[in-house]
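The block underneath contains the structure these notes are about, expressed in structure tokens.
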Amino acid sequence: MSLIRLALRPWRLTPWSQAFSAVAMAFLLTLGAFLLRFEFQLRPTVQKLSRDQVLTAFIEPSSPAGEESRIADQIRVSLGSKDIEIRGVGEKGFLEALRPNYPGLANEIESLGDEGRDLIPRHVLVAGVLPADAEARVKATTGIVSIDSTRNRYQQSLAAFQAVLRISRWMFAGLALALLCGLFQLGRLNAQMHAESLQLMRLWGAHPVFLRIPPMLSGLSVGAAGGLLGWVIWSFGFPGLFDQLAKLSIVFQGMDFARAQAMGPMIAVAGILAGAATGLAAVLRKAG
Amino acid sequence: MPGAEVRAAGPFSRKEKIGQMLHLSAVSKSYLGQPRVLEAVDLQLKRGDFLYVIGGSGAGKSTLLRLLATEESPTSGHLSLFGYRLDQVSPTTLRSIRRSIGYVPQNLRLIPDLSVQENVALSLSLAGKKSFSGESRLHVAHTLDRMGVGHLKDKPASELSGGEAQRVAIARALVRQPEILIADEPTGAQDPEYIWTLMDVIAKANLQGMTTILATHDREIVRRFRKPCAVLKGGRVLLEGRSPQVCL
Chain A
44 MSLIRLALRP WRLTPWSQAF SAVAMAFLLT LGAFLLRFEF QLRPTVQKLS RDQVLTAFIE
104 PSSPAGEESR IADQIRVSLG SKDIEIRGVG EKGFLEALRP NYPGLANEIE SLGDEGRDLI
164 PRHVLVAGVL PADAEARVKA TTGIVSIDST RNRYQQSLAA FQAVLRISRW MFAGLALALL
224 CGLFQLGRLN AQMHAESLQL MRLWGAHPVF LRIPPMLSGL SVGAAGGLLG WVIWSFGFPG
284 LFDQLAKLSI VFQGMDFARA QAMGPMIAVA GILAGAATGL AAVLRKAG
Chain B
3 MPGAEVRAAG PFSRKEKIGQ MLHLSAVSKS YLGQPRVLEA VDLQLKRGDF LYVIGGSGAG
63 KSTLLRLLAT EESPTSGHLS LFGYRLDQVS PTTLRSIRRS IGYVPQNLRL IPDLSVQENV
123 ALSLSLAGKK SFSGESRLHV AHTLDRMGVG HLKDKPASEL SGGEAQRVAI ARALVRQPEI
183 LIADEPTGAQ DPEYIWTLMD VIAKANLQGM TTILATHDRE IVRRFRKPCA VLKGGRVLLE
243 GRSPQVCL
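Listed in order, the protein sequences are those of chains A and B.
Heads up, our numbering is the position in the first sequence plus 43, with the first residue counted as 1.
Heads up, our numbering is the position in the second sequence plus 2, with the first residue counted as 1.
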């Protein structure tokens, strides 16, 4: 009880300084959490876009009919992912795909009979988020003569999103630094208020760990106030913020923000830990 | 007496048996850019000794007591407590030594955020006793009563008068039943009626073996409680003895 009263001394002597620090901390924590969440959500989306492609693997024209199914199975085994769409397209499939848009051409090829077989590009379509070496692996499959790839089709958008990611990382680092500097400065000021009591308790034979408790609790109290306020701001400000973000790009709409509410308690915990740590750090030398 | 069972932590029994409680050898103290405040002070006290430190303003009384309370270190010379040279002890031993000292600084330094009772209980708990145990609580209450401040136990220390604060500061030092009591002008702000009560309490504790060093400029106290004294002037021990010619 005595220690808690000692810890709350800064709140009694300078209540507004403590309160303003807690409010500043709340906003910094909330913005930091937003950027962190944004980073965690955008990074996999960008990675997905950068690897999302469609490969068209053309089959040796002289290979027997139905070969495309066997080759498709081989590619499926080679790439090994359930999420990748792999489909063999034979003569019939090609003409069916061609007919809706080009019925005349489809009929003409069909009328050529066996001679037309050589004109039809039988192929295997591989679509989805592919591994980096997918193209090489498909090309190595027996019966494949050439490959067309849609790689880099999102190149322009990707560059923009990667720039956004870099900016958000810098901003996050800046916010974290500002938060720690502010808290550390507050801890130093609070340590001055504890100096007399700590000096006396040291003379009474107090252990250094004991001497660190009041400043640490002081920092923790500001951190907890800031963290809890940050949780409230996050809970009420977050949905609107991400609604606005979703309007910017279809990419943002695809992000999973449903679990973002869990960030609220994390903000509170981060505030408590940061407050306690900086309160402690501010007096480490003095209490030793 | 409930307080009799509560003893401060004192790991110095073997050293104490040797007899040397406190030893200053050519101790000097100066602060940066200032003339020496203490000059080659030699003092020796055994367990249960009583010593008045007398001198005018600026004689070095408070500086000497701060050194004895381990609040400051000598610039030169050696200071030993319980047989340990303070410039050679480990932090752990220094903490143990400090737990065996009761110190009443001139400016009292009560913790303003705590109540009277909490100030005293915190001092006791730092001496190694659990301040929330029933026995310790009784001991705190008894000590406050002896100092005539029992009725103020729940009052914040910041709201005490000068005399009340002084009595609480003495209670805070005595509650831990220290091996050494170091008190700097502990009766300076007291009404006359309390001065003799306080001195009685201190004298009784001294009779029970508590080494006592008391700085005062009150000749009446020295006259009534005849004890040895050291007279400081200009940072030097001018005279030492117990005769009225020396002390009065």
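Even for Gly, the Cβ is constructed at its ideal location relative to N, Cα and C.
query                                                                                                                             : result
Inter-residue spacing [alpha-carbon to alpha-carbon] between B/H144 and B/V177                                                    : 9 Å
Cβ contact (3+ pairs, closer than 8 Å) linking the stretch 108–118 of chain B and the stretch 279–289 of chain A                  : no
B/T95 at chain A interface by Cβ criterion, 8 Å                                                                                   : no
Buried or exposed by the 16-neighbour rule on C-beta atoms within 10 Å, applied to B/M3                                           : Model confidence at B/M3 stands at a pLDDT of 33, short of 50, so the residue's coordinates are unreliable and nothing is read from them.
Same chain, Cβ closer than 6 Å to A/L260, neighbours up to 5 away in sequence not counted                                         : A50
Under 8 Å between C-beta atoms of A/A319 and A/L232                                                                               : no
Closer than 9 Å at the beta carbon, the chain A residues around B/S98                                                             : G248
C-beta contact flag for B/G50 and B/N208 at 8 Å                                                                                   : yes
Chain-ordered chain B contacts of A/R48 [CB-CB under 9 Å]                                                                         : I113, D115, L116, S117 and E120
Residue-level contact to chain B via CB, A/M68, 8 Å cutoff                                                                        : no
For A/S192 and A/S96, the rounded distance between their alpha carbons                                                            : Before going on, a small fix: residue 96 of chain A reads as Gln here, not Ser. For A/Q96 and A/S192, the distance between alpha carbons rounds to 7 Å.
Close-in-space but distant-in-sequence residues of the same chain around A/L122 (CB under 8 Å, 5 per side omitted)                : I129, V169, L173, P174, A177, R180 and V181
Test: B/A205 CB closer than 8 Å to a CB of chain A                                                                                : no
Cα-Cα separation between A/R209 and A/L85, rounded to whole angstroms                                                             : 11 Å
Interface flag, A/S261 vs chain B, CB-CB below 8 Å                                                                                : no
Assigned exposure category for B/Y33 - 16 Cβ within 10 Å defines buried                                                           : exposed
Contacts around A/L288, its chain only, beta-carbon distance under 6 Å, and the 5 residues preceding and following it disregarded : F295
Classification of B/P13 by the beta-carbon crowding that lies within 10 angstroms, buried from 16 upward                          : Model confidence at B/P13 stands at a pLDDT of 49, short of 50, so the residue's coordinates are unreliable; what they give is reported in the following sentence. By the neighbour-count rule (16 or more Cβ atoms within 10 Å), B/P13 is not buried but exposed.
First through last residue of the alpha helix (DSSP H) which encompasses A/M236                                                   : Q198 to L246
Span of the beta strand (DSSP E) around B/M23                                                                                     : Q22 to K31
Residues from the stretch 231–245 of chain A in contact with chain B, defined by Cβ distance under 9 Å                            : E239, S240, Q242, L243, M244 and R245
Proximal residues to A/D307 (C-beta, below 6 Å), its chain only, five neighbours per side dropped                                 : The residue you asked about is not Asp; residue 307 of chain A is Gly in the sequence shown. Cβ within range, chain order: W274, W277 and S278.
Proximal chain B residues relative to A/S60, where beta-carbon distance stays under 9 Å                                           : Going along chain B, no residue has its Cβ under 9 Å from A/S60, so there is no contact; the nearest lies around 17 Å.
Residues near B/E18 by beta carbon distance below 7 Å, same chain, minus five either side                                         : Any reading at B/E18 is ruled out, since the residue's pLDDT is 42, under 50, leaving its predicted position unreliable.
Proximal chain A residues relative to B/L124, where beta-carbon distance stays under 7 Å                                          : S45
Of the residues B/V118, B/A129, B/G190 and B/G35, the one placed nearest B/H219, counting alpha carbons only                      : B/G190
Start and end residues, alpha helix (DSSP H) containing A/V252                                                                    : P251 to L291
Assigned secondary structure, A/I315 (DSSP; H/G/I helix, E/B strand, else coil)                                                   : helix
Completely contained alpha helix (DSSP H) runs for the stretch 58–132 of chain B, where each covers 4 or more residues            : 63–70, 93–101 and 118–128
Span of the alpha helix (DSSP H), counted from its first residue to its last, around B/D186                                       : Segment I182 to D186 is the beta strand (DSSP E) holding B/D186; no alpha helix (DSSP H) there.
Closest by C-alpha distance to B/G251, when choosing among B/Q192, B/Q119, B/H153 and B/T77                                       : Limits of chain B in this structure are 3 at one end and 250 at the other, which puts residue 251 of chain B out of reach.
Identity of the residue in A/R165, A/N150, A/L71 and A/A249 nearest A/G38 by Cα                                                   : What the structure shows of chain A is the stretch from 44 to 331, and residue 38 of chain A is not part of that stretch, so it cannot be assessed.
Limits of the beta strand (DSSP E) - the one that B/A217 falls within                                                             : T213 to A217
Nearest-angstrom Cα separation, counted from B/L216 out to A/L323                                                                 : 37 Å
A/G131 - containing alpha helix (DSSP H), residue span                                                                            : A/G131 -> not in any alpha helix (DSSP H); beta strand (DSSP E) instead, spanning E128 to V132.
A/R55: contacting residues in chain B (beta-carbon distance under 9 Å)                                                            : D115
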